[in-house]
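What follows is a short report on a single structure.
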Amino acid sequence: METAVAPSKAFDLETSLLQNWVQTWIRTCTEFRRWERENRILKHPAPAIVAEHGRLIKTLIWSARMLQAMMADPEHPSREFKSEVEGLLGQLEATSEMIHNPMADEECDALLEKYFPDAPRN
Numbered sequence: 207m208e209t210a211v212a213p214s215k216a217f218d219l220e221t222s223l224l225q226n227w228v229q230t231w232i233r234t235c236t237e238f239r240r241w242e243r244e245n246r247i248l249k250h251p252a253p254a255i256v257a258e259h260g261r262l263i264k265t266l267i268w269s270a271r272m273l274q275a276m277m278a279d280p281e282h283p284s285r286e287f288k289s290e291v292e293g294l295l296g297q298l299e300a301t302s303e304m305i306h307n308p309m310a311d312e313e314c315d316a317l318l319e320k321y322f323p324d325a326p327r328n
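Okay, here's the thing in structure tokens:
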């Protein structure tokens with residue numbers, strides 16, 4: 207004999223599942239950013255670390271976009287985390303672009319010359 211779960215209890219389970227998923231993603235992202243700073247930003251990493259970073263950040267960006275799409279629904283039970291997910295997504299995208307698609311030296315030099323014409327050059 208099957209026991210039915212009351213609708214209100216089922217909603218609590220759904221809400222709990224989705225909130226736990228979002229909170230786990232946020233914690234994972236925070237840990238990744240810590241690892242990224244220690245192993246990618248503060249050091250000159252080996253190519254294997256750069257490749258690993260690329261794989262990890264793509265996964266986090268992909269999953270953030272999935273969460274963002276779900277949270278666009280006004281009835282999504284974890285909308286309270288929407289701004290945090292969007293903020294982290296912006297950080298991840300900016301970091302990914304900076305690390306894996308850096309500005310060419312010529313473009314960088316042109317911008318420095320344009321905005322800081324009197325600054326000493328190395």
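In the working numbering, the protein residues as written are 207 to 328. Note that the Cβ used here is the ideal one computed from N, Cα and C, for glycine as well. In this text the structure is predicted, and so the values were computed from the model without any measurement.
Taking DSSP as the reference, what is the three-state secondary structure of residue i?
| i | result |
| --- | --- |
| L262 | helix |
| R327 | coil |
| H250 | coil |
| A300 | helix |
| H282 | coil |
| M309 | coil |
| F287 | helix |
Determine the direct distance from the alpha carbon of residue j to that of residue i, and round the result to whole angstroms.
| i | j | result |
| --- | --- | --- |
| A270 | L294 | 8 Å |
| I247 | E303 | 13 Å |
| F238 | H250 | 17 Å |
| N172 | A257 | As displayed, the chain neither begins before 207 nor continues past 328, which places residue 172 out of reach and without an answer. |
| F287 | L224 | 11 Å |
| K264 | A316 | 30 Å |
| D218 | P280 | 17 Å |
| I399 | E242 | For residue 399 there is no data in the structure shown, the boundaries of the chain being 207 and 328. |
| N226 | G296 | 22 Å |
| P326 | C314 | 14 Å |
Starting from the C-beta of residue i, find all residues in its chain whose C-beta is less than 8 Å away, skip the five residues before and the five after it, and write them out in chain order.
| i | result |
| --- | --- |
| V291 | V228, W231, I232, A270, L273, Q274, M277 |
| E319 | none |
| C235 | L266, A270, L294, L298 |
Which residue wins for smallest C-alpha separation from residue i, given the options the options?
| i | options | result |
| --- | --- | --- |
| R261 | H306, Y321, A300 | H306 |
| T221 | S284, P326, E312 | S284 |
| R240 | A252, P253, H259 | H259 |
Ordered along the chain, which non-local residues of its own chain (more than five positions away) have a Cβ less than 6 Å from that of residue i?
| i | result |
| --- | --- |
| H282 | M276 |
Could you check if residue i belongs to the surroundings of the ligand FAD, using beta carbon to heavy atom distance under 7 Å?
| i | result |
| --- | --- |
| Y321 | Inclusion of the ligand FAD in the displayed structure is not the case, the ligand content being empty and no account of it being possible. |
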